[in-house]
Amino acid sequence: MAPTVILIGFMGSGKTAVGQCLAKRLGWEFIDTDHEVVNSMGMSIPEAFRRRGEAIFRGAEEDVVSRILDKAAVLRGGMVVSLGGGAVTSRGIRERLKREPLVVLLDEDVDTAFRRAGGGSRPLAAELESFRSLYEERTGLYREAAGMIIDTRGKKVEAVAQEAEAMVRERIGEEGTAKA
Ligand code: S3P
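Residue numbers (the numbering used here): 13 to 192.
Dropping the structure here:
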């Protein structure tokens, strides 16, 4: 089976930027699940929350994540997948992540995360107080789902990707198959 690295973490933790950089370093494909959810719903994320509601968005996200991980498993080469920050709130995704050996948590502090993600188009990042509550609520879910944790505080994208690459190479060993 081809190895799949799955990046999880809160909004603004750098999953997409690190994922792109990591995929380039490994010479693997990169997929961002938010991007695929937008394609499958045929509308932007703010529009999906507004017109269909968060529960429908989560259902679409769960389908997309499952489809991507199934596809990644049968690819010839490896894949890096960055998950939307709220993906771990879906039970089905959490169950799926338990079977994945290369789940990496990007652990960023909430103020930095808000500086990056807040106040823009993300429906759940409109203001700091609710952003902070959500961050605290989800901390346990991320830690439970992760097989590896990278403390990203004060680090540049390239440095985080380098750290992730070293961890992944260690885990997949010589033959390129992930050890469970
Ligand atoms: C969300 C995170 C976003 C996106 C949506 C909901 C969340 O993804 O899926 O706005 O609930 O944390 P990023 O983590 O890529 O910003």
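All residues carry an ideal CB built from backbone N, CA and C; glycine is no exception.
Per DSSP, the bridge partner or partners of residue i
i: Thr164; result: Per DSSP, none; premise fails for Thr164.
i: Leu19; result: Ser94, Val116
Endpoints, alpha helix (DSSP H) assigned at residue i
i: Leu136; result: It is not in any alpha helix (DSSP H) - Leu136 carries neither H nor E in the DSSP assignment.
i: Gly31; result: 27-38
i: Ala178; result: 169-184
Alpha-carbon to alpha-carbon, residue j and residue i
i: Leu140; j: Ala129; result: 10 Å
i: Ile68; j: Gly89; result: 32 Å
i: Gly159; j: Glu149; result: 20 Å
i: Glu177; j: Arg183; result: 10 Å
i: Tyr154; j: Val122; result: 14 Å
i: Arg108; j: Ile18; result: 11 Å
i: Glu156; j: Leu81; result: 19 Å
i: Leu95; j: Gln32; result: 13 Å
i: Leu117; j: Gly24; result: 13 Å
i: Thr164; j: Gly54; result: 33 Å
i: Ala35; j: Val93; result: 9 Å
Chain B contact for residue i (CB, 8 Å cutoff)
i: Ala176; result: Looking for chain B here will not work: only one protein chain is present.
Residue i beta carbon near the ligand GTP (any heavy atom closer than 7 Å)
i: Leu19; result: The ligand GTP is absent from the structure shown, which contains only the ligand S3P.
Which complete alpha helix (DSSP H) runs does the region 42-125 hold, if anything under 4 residues is left out?
45-53, 57-63, 66-86, 103-110
Taking 8 Å as the cut-off, does the region 73-80 touch the region 129-147 (at least 3 CB pairs, one atom from each stretch)?
no
Tell me, please, whether the region 46-60 touches the region 101-115 by the rule of three or more beta-carbon pairs shorter than 8 Å.
no
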